[in-house]
């Protein structure tokens, strides 16, 4: 076991694995990486659900959280519980945010996160196998590949052609900063294998003597001497607790667990903490607040027998575009879904009267609605209360109503429509009726599983900010947060690549310090 730990990183997900691996490149720094889930050191040991890039793994290596999506409606809320975190279980979508996202972060008091500042760290993480120019990296830990025409299923070609016919431009590289339109999805895959941060970063780093990875370790809270973090308390497998001390503690446990650990440690809304019997170290009302996620819905059909294979990739083509009347660049994403297993979605399974659907999914990338995460108990084993609060504004509702109508139009295309037996709920009369469409959106709504903002960054004078622009927790010493929870606003893309970039960014700062 390692002693004299310089950096203790809690969580080995998208950001945490990248951070720990980069810090351990300096042999003079001793790094301990803690993971609540299991660790699979080699590809041969890794279970199939973590390797198979054709579908998400939403149950076997999961925290089994639930979230309230709208008033009184709850959904499963998958978060990866394994080395690699959600990068090990997700849909392998390797999209970046666009420059306006990061320039907004800078305008919100975080100039170190402007586009020109973050681009080098996006490039550092990737090994882009398709493009070699000023916007892309070569030789990084995460391979980025775009599906070729030969790899596409027939409906993906039809969807692309339908988008072009509707006036949307074709795009070869969706990670170009100005890209908008339809084209192949950039993916963190090698062949059919999902390439997580466990494979990309930890596989090479785990042989270093100055890096220790401990799996199956649940962190209860951060411990302080005054306002300085001195280590963490963890639950021991046989019962009781253990204290692990370190010079610097970094919470990289994700947008659900990082704020939960902060609150159990006494950092959060003071009134809420006192009600749970938690001693207040620091009153920070922003902990758990400002939760933002991507709402998704779409138009779906039950497929004809034999139309799709379970081995087909889940997604291959994406349309990124701006909603009519919106000033938010690329605030909508449309996907042609080859197949979607409803086993874990009993509501949809009941509506579809089938186990599998396909169709066009739409994801709102820049919603106005905000949710909140709160503790239900001081007990570390009690899951927090996650309230997404989708559809809280008229703009969010109308944007999705209009977007589902666009999905419906795409689904009428020959070569797509004839692959299905029947629509799930939707019909022409419903699509034409605003009130029925609002009801459909509420009924069919789900999450993109991209929570951010629950420990957001901002200047010291920003009452809702939890960390400063260098990710130091305000009012403390030796404590950082490094994951999607620090995002001050949500990026217009899937959050995996941006979370890895955040890990790269903090690693660079810490290595300079």
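Numbering (the numbering used here), first residue to last: 932 to 1444. Glycine included, each C-beta is placed from N, C-alpha and C at the ideal position.
* Asked: Using the rule of at least 16 other Cβ atoms within 10 Å of the residue's Cβ for burial, across every protein chain shown, is residue 1370 buried or exposed?
  -> As a first step, residue 1370 must be located in the chain shown, where it is residue number 439. Around the C-beta of residue 1370, fewer than 16 other C-beta atoms lie within 10 Å, and the residue is accordingly described as exposed.
* Asked: How is residue 1377 classed by DSSP in three states: helix, strand or coil?
  -> Mapped onto the chain shown, residue 1377 falls at position 446. The answer is strand: DSSP assigns residue 1377 an E or B state.
* To do: Note down the Cα distance separating residue 1164 from residue 1151, rounded to an integer number of angstroms.
  => Reading the chain shown from its first residue, position 233 is the one you call residue 1164. Reading the chain shown from its first residue, position 220 is the one you call residue 1151. Going from the Cα of residue 1164 to the Cα of residue 1151 covers about 6 Å.
* Per DSSP, what kind of secondary structure is residue 1202 in: helix, strand or coil? -> Sequence index remark: in the chain shown, residue 1202 carries index 271 (1-based). Of the three classes helix, strand and coil, the one that applies to residue 1202 here is helix, per DSSP.
* Asked: Who are the near neighbours of residue 1285 in its chain, counting only those whose CB is closer than 6 Å to its CB and skipping five residues on each side?
  -> As a working note, residue 1285 is residue 354 in the chain shown. 1233, listed in sequence order.
* Asked: Who does residue 1087 pair with in a DSSP beta bridge?
  -> Taking the chain shown and counting its residues from 1, one reaches residue 1087 at position 156. In the DSSP assignment, no residue is bridged to residue 1087.
* Asked: So does the segment 955-971 actually touch the segment 1136-1150, counting three or more Cβ pairs closer than 8 Å?
  -> In short, these stretches touch, since the Cβ pair count reaches three.
* Asked: Residue range of the alpha helix (DSSP H) that residue 1001 falls in?
  -> By one-based count along the chain shown, residue 1001 stands at place 70. Element bounds for residue 1001: not the alpha helix (DSSP H) but the beta strand (DSSP E), 996-1001.
* What is the residue span of the beta strand (DSSP E) that residue 1264 lies within? -> Residue numbering aside, residue 1264 sits at position 333 when the chain shown is read from its first letter. Run containing residue 1264: 1263-1272, per the beta strand (DSSP E) assignment.
* When you compare each of 1190, 1113, 1122, 1174 to residue 936 by their alpha carbons, which one comes out closest? -> Residue mapping note: residue 936 aligns to position 5 of the chain shown, counting from 1. The residue with the shortest Cα to Cα distance from residue 936 is 1174.
* List in chain order: all unbroken beta strand (DSSP E) runs of 3+ residues lying wholly within the segment 971-1031. => 996-1001, 1004-1008
* Asked: In terms of residues, what are the limits of the alpha helix (DSSP H) holding residue 1151?
  -> Taking the first residue of the chain shown as position 1, residue 1151 is located at position 220. Looking at the DSSP string, residue 1151 is not in any alpha helix (DSSP H); the run it does join, the beta strand (DSSP E), is 1149-1156.
* Cβ contact check for the segment 1123-1136 and the segment 1070-1086: 3 or more pairs under 8 Å -> yes
* Given a cut-off of 7 Å, decide if residue 1270 and residue 1248 are closer than it, judged by their beta-carbon atoms. => In the chain shown, residue 1248 corresponds to position 317, counting from 1. In the chain shown, residue 1270 corresponds to position 339, counting from 1. For residue 1248 and residue 1270, no; Cβs fall outside 7 Å.
* To do: Please classify residue 1060: does DSSP put it in a helix, a strand, or coil?
  => Mapped onto the chain shown, residue 1060 falls at position 129. DSSP places residue 1060 in coil when its eight states are reduced to three.
* **Per DSSP, cross-strand counterpart(s) of residue 1230** => The residue you call residue 1230 lines up with position 299 of the chain shown. Bridge partners of residue 1230: 1291.
* Using the DSSP secondary-structure output, state which residues sit across from residue 1076 in a beta bridge. => Here the question's residue 1076 lines up with position 145 in the chain shown. In DSSP, residue 1076 forms a bridge with 1118.
* May I ask you to list the residues that DSSP assigns as paired with residue 1223? => Start at 1 with the first residue of the chain shown, and residue 1223 comes out as number 292. Answer is 1383, bridged to residue 1223.
* What residues in its chain sit with their C-beta under 7 Å from that of residue 955, if we drop five residues either side in the sequence? -> One-based indexing of the chain shown puts residue 955 at position 24. So the list reads 962, 1136, 1139, 1141, 1142, once near-sequence residues are dropped.
* Can you give me the start and stop residues for the beta strand (DSSP E) that residue 1297 sits inside? => Here residue 1297 corresponds to residue number 366 of the chain shown, with the count starting at 1. No beta strand (DSSP E) holds residue 1297; DSSP gives it neither H nor E.
* Asked: Name the DSSP beta bridge partners of residue 1179, please?
  -> Taking the first residue of the chain shown as 1, we reach residue 1179 at position 248. DSSP output for residue 1179 lists 938 as bridge partner(s).
* Asked: Taking the Cβ atom as the reference point for each residue, do residue 1389 and residue 1040 lie within a distance shorter than 7 Å?
  -> Indexing the chain shown from 1 puts residue 1389 at position 458. Indexing the chain shown from 1 puts residue 1040 at position 109. In contact: residue 1389 and residue 1040 (Cβ atoms closer than 7 Å).
* Whole-Å CB distance - residue 1465 paired with residue 953, under 8 Å assumed -> Nothing about residue 1465 can be read from this structure; the chain reaches only from 932 to 1444.
* residue 1211 to residue 1306 span [Cα, whole Å] -> By one-based count along the chain shown, residue 1211 stands at place 280. By one-based count along the chain shown, residue 1306 stands at place 375. For residue 1211 and residue 1306, the distance between alpha carbons rounds to 14 Å.
* Out of 1195, 941, 1224, which has the shortest C-alpha to C-alpha gap to residue 1208? -> Counting from 1 along the chain shown, the entry for residue 1208 is found at position 277. Nearest option by C-alpha distance: 1195.
* **Rounded C-alpha distance that separates residue 1053 from residue 1025** => Position 122 of the chain shown, counted from the start, is the residue given in the question as residue 1053. Position 94 of the chain shown, counted from the start, is the residue given in the question as residue 1025. Distance between the alpha carbons of residue 1053 and residue 1025: 11 Å.
* With 16 other Cβ atoms within 10 Å as the buried cut-off, status of residue 1106 -> As a working note, residue 1106 is residue 175 in the chain shown. Answer is buried; the Cβ neighbour count reaches 16.
* Take the Cβ of residue 1027 as the centre, count every other Cβ of all protein chains shown within 10 Å, and call the residue buried at 16 or more, exposed below. => To locate residue 1027, count along the chain shown from 1; it is residue 96. Result: buried.
* Asked: For the segment 1398-1418 against the segment 1267-1283, are there 3 or more C-beta pairs whose distance is under 8 Å?
  -> no
* Asked: Helix, strand or coil: how does DSSP classify residue 1143 here?
  -> As a working note, residue 1143 is residue 212 in the chain shown. Note: residue 1143 maps to strand in three-state DSSP.
* To do: For residue 1360, write down the residues that DSSP places opposite it in a beta bridge.
  => As a first step, residue 1360 is located in the chain shown; it is residue number 429 there, counting from the start. Answer by DSSP bridge pairing: none, since residue 1360 is not bridged.
* Taking 8 Å as the threshold, find out whether the segment 1379-1399 comes into contact with the segment 1180-1193 through three or more Cβ pairs. => The answer is yes - the segment 1180-1193 touches the segment 1379-1399, with three or more Cβ pairs under 8 Å.
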